[in-house]
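Q:
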Amino acid sequence: MSKTLQKTLVYIVEDSLSSGALYSSQLEKAGYETRNFVDGYSALAAIKERMPSVIIQDVCLPDISGLNVLQFVNRQDSPARVIIITSNSSIETAVDAMRLGGFDFIEKPFSRERMITSVRDAVKQLHLEEVESKKVTVETSTTPELSFIGESLAMKTVFRLLDSALRSKASVFVTGESGTGKEVCAQYLHSFSARKNAPLIAINCAAIPRDLFESEFFGHMKGSFSGAVSDRKGAVEAANGGTLFLDEICEMDLNLQAKLLRFLQTGTFSRVGSTDVIQSDVRVVCATNRNPAAEVGEGRFREDLYYRLNVIPIQLPPLRDRGKDILLLANAILTDKNEANDKEFVQFSSDVQSMFMQYDWPGNIRELQNIIENMVVIHSGTDITSDMLPETFGKKSLSAIKPASITTDSHINVSSKEANIKDIIPMWLIEKNVIEQAINICDGNIPLAAAHLGVSASTIYRKIKSWQGEAI
Amino acid sequence: MHNLIDENVIEQMKDDLDDETCHKLIGLFIEETTSLLADLEKAFEVMDLPTIESVTHILKNSAALYGAVSVAIAAKDINDRLSSPSKMITREDSQLLALINKTLKVYNSKYNKAL
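If you're matching them up, the sequences are chains F and S in order.
The first sequence: position 141 = 141 (my numbering), numbered continuously.
Every number in my numbering is 472 more than the matching position in the second sequence, counting from 1.
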């Protein structure tokens, strides 16, 4: 056993003497130094005297809550990593504990391997942070907050959750409408954590065909299925030591959900076509624009997986609910787009600011970026004025931006009692008509049409390709 | 009726740790469970639900860790009911006392002398 392990001190705070003694013996056998406490106050006294590297902390104690111990630890300089242990009935408390900065949580009763893996990960993270903190003093003064812009109360809550999640290995479940910055959250959690030197692997669960998902996720062995021409690592293996970002997690097939749950419980998996068990230490960040609890209610998402992933839930607010953040973001984006396009815009006129504040922003920050980029690319000057806004901007309902040809040709009259099901026009067809009209107005110039529509040109090209497959 | 002891758990413990440590740990488990049994007996006499809840909370985990499967299952069942808002408990639940007694006798005769 290495010297480092022998010197690593672990405190065990567990109200059952025999259980604590067993954990202690198992850890000592693995090379750690341990001390046992059966109540919270004696643990607090020992922590004041000497901070250990890791604390295995039961939530239910006879005197004070284990959460009080956790809060105390996290207020100290160089705090220990706290692993919360809990029985099934107190999962909700454990979730709260993770929000308070717990490193991991394990349901009781647990295996020796599970406990030792968690302690080892905690020590590894602690050592990495020690090394990084020595570098930071000379390298940079960048603070994590610079990745996000916002002063609204909703965003301050998000910042607080993100910062407490940085020191933990706990899974993070990011929810929010499209364009609110879910992927940015994952990048932030990775880039400012001790895992930043290992890979951040992102998987869009909606984009991978169901048949290939297991292979993409866990890897495969040569010959395990037709097309498996060589051994290949999956995302879980590739992300070892780093972060696994699972976007659109609610689209994941139920069978694979079961396999993901097993991996999260054990930290082990097997490649497709192999029985060898591989260990991978990943931090999972997942995201969806759906309501995951409702998906659980509908039976499309496993409840046990939901609780396992939803340890630190982060709800990103829609842009329309962020008040003056809209203008803060708009100014930051303007600066960025100015530099990228060599323009000299200084500010938004007051009427543009007012329109920005009143608009609903259904596409959220992504829509704001597109609109500002559109204006910066097409126009020049120092002020962004309302006449520079794309024609479609500010039209809240789809019907309001329908071209005349659609309303006259489609026979739809919402107020008419004669309207029936067959009169409903498919959404893609309405979109197609709007895009084609924009292209016609711009004399066939697709990039210009895209700029006026507030989308990228590649989106238009992709749409055109998809219509070729539709029977019109 | 489940087996009183899952021998595999003890064997695994012996593989993971040395015999002396195992002997000491099982001794500790017997000692703690005996003390918890005394608390539980008093609690069942007066139907002291908070004490029954806290003792079964400890037992459901410690018994599982040391392979006392029947005690672990029964303690978990009672603890789950007491943790729920209904706090349901019956006189029959006091059968846990006899089960713990019986289990302790097996541990004492089997493991408390020598491994």
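Backbone N, C-alpha and C fix where the C-beta goes; we use that ideal spot for every residue, glycine too.
1) Smallest Cα separation from residue 544 of chain S: which of S/551, S/552 and S/535?
2) Looking only at its chain, what residues have a beta carbon closer than 8 Å to the beta carbon of residue 28 of chain F, apart from the 5 residues adjacent to it on each side?
3) Cα separation between residue 165 of chain F and residue 98 of chain F?
4) Throw me the rounded Cβ distance for the residue 368 of chain F and residue 302 of chain F pair, which I believe falls under 8 Å.
5) Contact criterion: CB-CB distance below 8 Å. Does residue 17 of chain F meet it with respect to chain S?
6) Starting from the C-beta of residue 379 of chain F, find all residues in its chain whose C-beta is less than 7 Å away, skip the five residues before and the five after it, and write them out in chain order.
7) Using beta carbons (cut-off 8 Å, strictly below), is residue 523 of chain S in contact with chain F?
8) Could you tell me the distance, in whole angstroms, from the CA atom of residue 69 of chain F to the CA atom of residue 285 of chain F?
9) Just reading off the beta strand (DSSP E) that residue 11 of chain F is part of, what are its end residues?
10) Alpha carbon to alpha carbon, what distance is there between residue 528 of chain S and residue 513 of chain S?
11) Between the Cα of residue 122 of chain F and the Cα atoms of F/372, F/358, F/281 and F/324, which residue gives the shortest distance?
12) Can you look up residue 313 of chain F in the DSSP assignment and give me helix, strand or coil?
13) Taking residue 288 of chain F as part of the beta strand (DSSP E), name the residues at either end of that continuous run.
14) Can a CB atom of chain S be found closer than 8 Å to the CB of residue 21 of chain F?
15) Kindly indicate if chain F contains any beta-carbon less than 8 Å away from that of residue 493 of chain S.
16) Less than 8 Å between CB atoms is the rule here; does residue 120 of chain F satisfy it with respect to chain S?
17) Candidates F/359, F/163 and F/8: which alpha carbon is nearest residue 126 of chain F's?
18) Determine the DSSP secondary structure at residue 76 of chain F, reduced to helix, strand or coil.
19) At a cut of 8 Å, does the segment 211-220 of chain F reach the segment 269-281 of chain F through at least three beta carbon pairs?
20) Quick one: does residue 483 of chain S have its CB under 8 Å from some CB of chain F?
21) Only counting runs of 4 or more residues, tell me where the alpha helix (DSSP H) segments fall wholly within the segment 351-385 of chain F, in order along the chain.
22) Give the single residue among F/310, F/18 and F/384 whose Cα lies nearest to the Cα of residue 170 of chain F.
23) Beta-carbon of residue 533 of chain S versus every beta-carbon of chain F: anything under 8 Å?
24) Any heavy atom of the ligand ATP closer than 7 Å to the Cβ of residue 443 of chain F?
25) Identify which residue in F/383, F/341, F/304 and F/289 has its Cα closest to the Cα of residue 362 of chain F.
26) CA-CA distance, residue 158 of chain F and residue 185 of chain F?
27) Quick check: residue 247 of chain F and residue 202 of chain F, are their CB atoms within less than 8 Å of each other?
28) Determine the extent of the beta strand (DSSP E) in which residue 172 of chain F is found, giving its start and end residues.
29) Would you say residue 35 of chain F reaches chain S, if we count a Cβ-Cβ gap shorter than 8 Å as a contact?
30) For a quick check, are the C-beta atoms of residue 345 of chain F and residue 328 of chain F less than 8 Å apart?
31) Classify residue 291 of chain F: buried if its beta carbon has 16 or more other beta carbons within 10 angstroms, exposed otherwise.
32) Given this structure, state the Cα-to-Cα distance separating residue 393 of chain F from residue 352 of chain F, to the nearest angstrom.
33) Does the beta carbon of residue 501 of chain S come closer than 8 Å to any beta carbon on chain F?
34) For residue 305 of chain F and residue 347 of chain F, which I take to be in contact (beta-carbon distance under 8 Å), what is that distance rounded to the nearest angstrom?
35) In this structure, does DSSP put residue 106 of chain F in helix, strand or coil?
36) Decide if residue 564 of chain S is buried, meaning its Cβ has at least 16 other Cβ atoms within 10 Å, or exposed.
A: Per the coordinate set shown:
1) S/535
2) 34
3) 8 Å
4) Between residue 302 of chain F and residue 368 of chain F the Cβ distance is about 35 Å, and since that is not below 8 Å, they are no contact.
5) yes
6) 388
7) no
8) 27 Å
9) 9-13
10) 12 Å
11) F/281
12) strand
13) 283-288
14) yes
15) yes
16) no
17) F/8
18) coil
19) yes
20) no
21) 364-378
22) F/310
23) yes
24) Looking at this structure, you won't find the ligand ATP or any other ligand, since it has none at all.
25) F/289
26) 9 Å
27) yes
28) 172-175
29) no
30) no
31) exposed
32) 11 Å
33) yes
34) About 48 Å separates the two Cβ atoms, so there is no contact after all.
35) strand
36) exposed
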